[in-house]
Structures are given as structure tokens and as C-alpha cells.
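To start, the structure under review is shown below, and the notes come after it.
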Amino acid sequence: VGKRLDQAVRARRKRQGVLDSPRRRVSFLVTETALVSRVAPVAVLVEQLRWLTRWCGHPRVSLGVIPTVSSLQVLPPPAFYLFEHKVYVELPHGDLWLMERSNALKTYRGLLPRLAAAAVYGSDCALTPNLIHLHAQIC
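Each residue of the sequence shown is one higher than the last, beginning at 7 in our numbering.
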């Protein structure tokens with residue numbers, strides 16, 4: 007698990023390079039559970055929360071957190087990234103790139119607004135009960 011986790015973290019950081027582009031606007035949508043699940047050491051969780059907090063107020067970044075108490079109209083899929091003409095899906099057994107010519111891109115584009123409707127944004131992101139509890143534990 008350790009080696010696979012390290013590889014996933016490196017790959018994700020590489021993809022985050024898009025944030026350095028001044029012409030791009032980026033939206034993140036994450037479940038609260040994903041932020042507080044202890045799949046990594048506490049130091050890694052702290053680093054992730056600091057990273058998210060830093061980008062939370064950035065004018066080119068929108069961050070939505072879906073609280074665990076949200077009533078969802080759809081089942082959240084595994085982690086995915088929407089691009090203009092393709093979708094990238096992270097799976098435990100490997101990664102998938104799904105292209106526009108498949109119905110997958112349309113499906114994922116349809117899921118996003120339904121999931122986003124259940125999220126909280128801006129300073130409210132840090133006020134979800136589990137994040138407050140985690141913050142209290144690590145500070």
C-alpha cells in the first residue's frame with residue numbers, strides 16, 4: 007500500500023501543475039469523508055488540509071466539500087477529473103482515460119452539477135463537523 011500510495015500522491019501532484027497556469031480556472035469537488043479518512047499518516051492529512059485552505063480563497067479556484075450529512079441524489083463515483091474532451095478516473099486497480107466519443111464524458115458531466123449542489127463552498131468548507139473535529143485533533 008505504501009509504494010502505491012506514494013505513486014498516487016506523486017501523480018496527483020504532477021496533475022496539480024495546472025494550478026500554476028494563470029489562464030485556467032479550476033473547480034474541485036471532494037467529499038468530506040475523503041478529507042478525513044485516515045488512509046495516510048496524520049502529517050499527510052495536515053498537509054492536504056493546509057494545501058486546500060491555501061487554494062480555497064484563490065480567485066481562479068472553486069473548492070466544494072460535500073459534507074457527510076448531505077442528502078445526495080446520485081452515488082459519488084470514484085475520483086474523477088473532467089477536462090474539455092476527456093475524463094480521467096482514478097481506480098484502485100488502475101487509471102482510466104475516457105474520451106469524448108464514449109458516453110462516459112456525458113455521464114460524468116451530468117454527475118458533476120448534481121454532486122456540486124450538495125457541496126458547501128468558500129469559508130463554509132472548513133466548517134463541516136468532521137473537519138472541525140480533525141482540525142482540533144491535529145492542532
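Glycine included, each C-beta is placed from N, C-alpha and C at the ideal position.
Next item on the list: Using three-state DSSP, classify E90 as helix, strand or coil.
Entry: coil
Notebook entry, point to check: For V71 versus L51, is the C-beta distance shorter than 8 Å?
Noted result: no
Margin query: Going by beta-carbon coordinates alone, are F34 and S68 separated by less than 8 Å?
Written below: yes
Notebook entry, point to check: Applying the criterion that 16 or more other CB atoms from any shown protein chain within 10 Å of the CB defines a buried residue, is L81 buried or exposed?
Noted result: exposed
Check: Using DSSP with H/G/I as helix, E/B as strand and the rest coil, what is G63?
Finding: coil
Next item on the list: For L25, count neighbouring Cβ atoms within 10 angstroms of its own Cβ and tell me buried if that reaches 16, exposed if not.
Entry: exposed
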